[in-house]
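Just so you know, the protein sequences line up as chains F and P, in that order. So the first sequence is numbered by my numbering: it starts at 1 and just counts up by one. So the second sequence is numbered by my numbering: it starts at 1 and just counts up by one.
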Amino acid sequence: MTAELVRGQNHPLPGTRLEIRISAAHPVLAGATLGDAEGKVPGADWVAHPASPKLPGLEVSVQAAAEHRLAVDLEAVPETAHRVSILLALPSGADGPARFGELAAPFLAVVGADGAEAVTYTVAGLDAESAVVALELYRRQDAWKARAVGQGYAGGLAAMLHDQGLPEAVEMAAGIEEAVACGMARAVASAPPETTAISYRHPGRRTQTPPAPAPEAASAAAAPVSDAGPAPVPAVSPGTPGEEPSGDGEPVPVAGDASGWTMNERLYNQVWGMFEDLARATAAYRSAVDFAESRLEQELDRVLADPATRVGPAADAAREEARAKHAELVQQARAVLDRDLGRLVAETEVVEHALPPAYARWDNPVWQAYQVPLETPMALRLGDLHLPERKDLRIPMLVRLPLERGLWIDSGRNSGGLDTAVPDSAELRRLAVECAVAHAVRLLAVHPVGDYRVHVIDPAGSAATALAPLLEAGALREPPAAGAQGVGEVLAGLTRRVDLVQMAVRSGAVDSLPADVDTAEQLLIVNDFPHGFDDRSVTQLRYLADEGPSVGVHLMMVADRDDARAYGPVLDPLWRSLLRITPVADDHLADPWVGHAWTYEPSAVPAGSDVMRQVLGRVGQARRAYGI
Amino acid sequence: MTVNLSKGQGISLQKADGGTLTAVRMGLGWKAAPRRGLFGSRTREIDLDASAVLFADKQPVDVAFFQQLVSKDGSVRHTGDNVVGGAGQGGDDESIIVDLQRVPVHVNQIVFTVNSFTGQTFAEVQNAFCRLVDETTGQELARYTLDGGGPYTAQIMAKVHRTATGWQMTAIGTPANGRTFQDLLSEIQTVL
């Protein structure tokens, strides 16, 4: 679990091969110093900075950037060094800000070899400072720990280096500034569009990080019979035999063609396998096209470089040949990609038909025949993912249940990466609420009766229309909380539940919970955040986001991050802890293998379809039958 | 039948029956450092790392090594980092599997390297070898002994490259120095 440090706090590190990720609202320069046992930097060769970026075991960027990734290998750090300080400074001279107080607080994360954030620190509270010692990694009894330092210097780099005991601090600061000024022209202007890696937990397909065995897998094994999923899936053979005459030994795709204890687990693994295959096939294609283009450029340059052959038929022929080589390679790569994607398309068709309700699109007939399940499924479909190379190849985006992180349905228009007629902000808000309701209905529907409870905070009542079906069907036990008082009551109730259940779990006394504590999974939908919230309720919300998921309290925020800007960086960890999804197509999700930007689209109810209302009706009926 | 390769020797990866290989594996094995100290905890462990770098012409485009076990295109897979070595009896301690049919079209050479991450030179490492195996049958195609390799911390082992008729392997065996494959890139350029 990630330790979110405050100034002065320390935390052990998970290993010695680490990556330090730095993000700031404006290009900053990053450096590192090594300190001896007394904490002093003995000389210039103990400082890694843009003019001299390498030290044993670590390397910094040579230019200022809004995002840095420093690879650190603490084992390679000299034994005489007891401390590695990570420094940030604003480049002077540029027309950028001169003090950290003008920017949102910089954020640092120390990432272990497994890719998980071990320690994060938001360097808050800076004002006139233009340089800061952000983080310190230090030896403590043969192990390394991280400490959030956050010591700023109004005197800039020179003051900071001087304070670390470096004799030639002023000269070195000048040298660094110069190196950065040279690199400034190339500086990365701002943070790239924020993508969130989709986390992937899975009982053992070929992946890099061996995921912890999922508890769901174990329980599925223990109770194999009453799998709430769909009827056994027929081994569908796609289409008629005549449709695919070129079946030269090519394997026919079959639904459930993966390992797993139950059909649902096999389908889940198959979908993730298809996701990985598509990511990798596309990576191969893009790499080939990039290479073809760079080669073409080089060859054209070469023709131009030689004045003797720059013009004339020989040059034309050379150019022609270079272009032909480029076209040929791209064509070859495309042919391979098309072959692979064709297979995946055939596989998705077969798989889509076999999916249980929790994994299926709303237009899947399985929803028409919906029955309230007896068991919680292992995953839930949040929508579809696709890549620009083939837009009709849609991979179901499945996330594990219970949700590992809350959902944030973004009602803002901040990304705008896709220009396809982005609706105006009022429309976007309405879509976001509808999207939240659709996700909530799906969550309610895939859980057994009484195992899932939905709370809504709608301070201004702006989502009343969209929420009406939930109320009518009796899926909400009480009407949406309105006003500051309503917000406070709901949050206090859920906070109490989290505390009590946590205590009970820790002391192994789950049976002795008070009778009024609802042990069902809880979903809290917060509309219009931060409207109706004060500092106290914001703190409670953050607490729920951090501590809730492990004891079955989940958050679904419908919010525009810009609306909460007044809170500043305090809320950054909250946003980061949530999985951001959008009510309209948006390419902000990254896969865990290659990091492509995938376009996410929520599962929409087909126009004119009544399926959601029917499903809600059956959920309500069952709840009444059980007296809930 | 195993071929004990000598430097610069090449073998075609055509099968005897005319078919081509579909998957090859590079295996790397070495003997773990002997236990020292009263409780055997003061071992200076030897961590050798196998890497495979994919080249399009002379440009590195992808890699499989301990920090990225699967190349982005998925054609080359490292089965996992071993940081101490094994019994030194000829078993593979690290393996890299190349699915030759899935190698992207622009990649025409795959270079295998071995680096000593903990800094021991090959003169200090016992029973180190690297071998190439037909992954589908388990048959060893070529073997290469590393120990007694002198005061070097890295070696560019071999390359598998495309020819008009299929894939071919060439033993390289150029010694070099470096902690990871990144330190060898300029050295590798000379053998492409």
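For every residue, glycine included, the Cβ atom is placed at its ideal position computed from N, Cα and C.
- Message: So with CB distances below 7 Å, who are the chain F contacts of P/Gly74?
- Response: Neighbours of P/Gly74 in chain F, taken as residues whose beta carbon is under 7 Å from its own, are Arg280 in chain order.
- Message: Residues of chain F with CB closer than 9 Å to the CB of P/Pro175, please, in chain order.
- Response: By Cβ distance, chain F contributes nothing, its closest Cβ being about 21 Å from P/Pro175, past 9 Å.
- Tell me, which residues are paired with F/Asp163 by DSSP? Beta-bridge pairing links F/Asp163 to no other residue.
- Any non-hydrogen atom of the ligand COA within 6 Å of F/Ser130 CB: The ligand COA is not among the ligands present in this structure, which contains no ligands whatsoever.
- Three or more C-beta pairs below 8 Å linking the segment 295–308 of chain F and the segment 322–333 of chain F: yes
- Item | Rounded straight-line distance, which links the Cα of F/Phe529 to that of F/Pro459 | 9 Å
- Message: Give me the chain P residues within the contact set of F/Arg295, using Cβ-Cβ distance strictly less than 9 Å, ordered along the chain.
- Response: The contacting residues are Ala56, Asp57, Gln59 and His106.
- Kindly confirm or deny that the segment 41–59 of chain P and the segment 111–123 of chain P touch, where touching means at least three C-beta pairs closer than 8 Å. They touch, by the three-pair rule.
- Query: If contact means a Cβ-Cβ distance below 8 Å, which residues of the segment 586–609 of chain F contact chain P?
  - Reply: Trp593 and Val594
- Interface residues of chain F around P/Asp62 at Cβ under 7 Å? Under a criterion of Cβ atoms nearer than 7 Å, the residues of chain F adjacent to P/Asp62 are, in order, Ser287.
- Message: Does the segment 593–609 of chain F come into contact with the segment 358–367 of chain F, if we say contact requires no fewer than three beta-carbon pairs (one atom in each stretch) closer than 8 Å?
- Response: yes
- Task: Would you please verify whether the beta carbon of F/Ala333 is less than 7 Å from any beta carbon of chain P?
- Result: The C-beta of F/Ala333 comes closer than 7 Å to at least one C-beta of chain P.
- Message: At 4 residues or longer, what runs of the alpha helix (DSSP H) sit wholly inside the segment 456–503 of chain F?
- Response: 464–472
- Task: Ignore the nearest five residues each way along the sequence and tell me which others in P/Asp92's own chain have a CB closer than 6 Å to its CB.
- Result: Gly27 and Gly29
- Query: By how many angstroms is the C-alpha of F/Gly627 removed from the C-alpha of F/Leu524?
  - Reply: 22 Å
- Message: So if I threshold CB-CB distances at 9 Å, which residues from the segment 290–317 of chain F count as touching chain P?
- Response: Asp290, Phe291, Ala292, Ser294 and Arg295
- Message: Along the chain, where does the alpha helix (DSSP H) containing F/Trp575 start, and where does it finish?
- Response: Asp572 to Ser577
- Message: Quick check on F/Met612: does DSSP put it in helix, strand or coil?
- Response: helix
- Does any CB atom of chain P fall closer than 7 Å to the CB of F/Ala283? Yes, its Cβ sits closer than 7 Å to a Cβ of chain P.
- Would F/Leu337 count as contacting chain P if we go by Cβ distances under 7 Å? It does not; no Cβ of chain P falls within 7 Å.
- What separation, rounded to the nearest whole angstrom, lies between the Cα atoms of F/Asp511 and F/Met503? 12 Å
- Query: Which word fits F/Ala116, buried or exposed, when buried means at least 16 other C-beta atoms lie within 10 angstroms of its C-beta?
  - Reply: exposed
- Query: Hey, would you say F/Tyr370 sits closer than 7 Å to F/Val615, going by beta carbons?
  - Reply: yes
- Take P/Gly74 as the anchor and find which of P/Gln9, P/Asn108, P/Arg102 and P/Arg36 has the nearest alpha-carbon. P/Arg102
- Listed from N- to C-terminal order along the chain, which residues in the segment 64–96 of chain P have their beta-carbon within a distance smaller than 8 Å of any beta-carbon of chain F? From the segment 64–96 of chain P, only Gln67, Gln68, Leu69, Val70, Lys72, Asp73, Gly74, Ser75 and Arg77 have a Cβ closer than 8 Å to chain F.
- Message: Our contact map puts F/Glu673 next to F/Met263 with C-beta atoms below 8 Å; I'd like the distance itself, whole angstroms only.
- Response: The question about residue 673 of chain F has no answer here: the residues shown for chain F are numbered 1 through 628.
- Task: Pull up the distance between the alpha-carbon of F/Asp257 and that of F/His386, whole angstroms please.
- Result: 21 Å
- Classification of P/Lys159 by the beta-carbon crowding that lies within 10 angstroms, buried from 16 upward: By the neighbour-count rule (16 or more Cβ atoms within 10 Å), P/Lys159 is buried.
- Check whether the Cβ of F/Leu329 lies closer than 7 Å to any Cβ atom in chain P. It does: the Cβ of F/Leu329 has a partner Cβ on chain P nearer than 7 Å.
- Can you tell me whether P/Thr170 is buried or exposed, with buried defined as 16 or more other CB within 10 angstroms of its CB? That one is buried.
- Which whole-angstrom value is the C-beta distance of F/Asp560 and F/Asp410, which I expect to be below 8 Å? 7 Å
- Task: Would you identify the three-state DSSP class for P/Asp81, choosing helix, strand or coil?
- Result: coil
- the segment 19–34 of chain F contacting the segment 62–74 of chain F, beta-carbon criterion three pairs below 8 Å: Yes: at least three Cβ pairs fall under 8 Å.
- Cβ-based neighbour list, F/Ala231, same chain, cut-off 8 Å, excluding 5 preceding and 5 following: Below a pLDDT of 50, predicted positions are generally treated as unreliable, and F/Ala231, at 38, falls in that range; the measurement from the model is reported next regardless. So the list is empty, once near-sequence residues are dropped.
- Query: Quick one: what's got a C-beta closer than 6 Å to F/Asp562's C-beta in the same chain, skipping five residues either side?
  - Reply: Gly412
- Query: By how many angstroms is the C-alpha of F/Leu161 removed from the C-alpha of P/Ala176?
  - Reply: Taking the straight line joining both Cα atoms gives about 37 Å.
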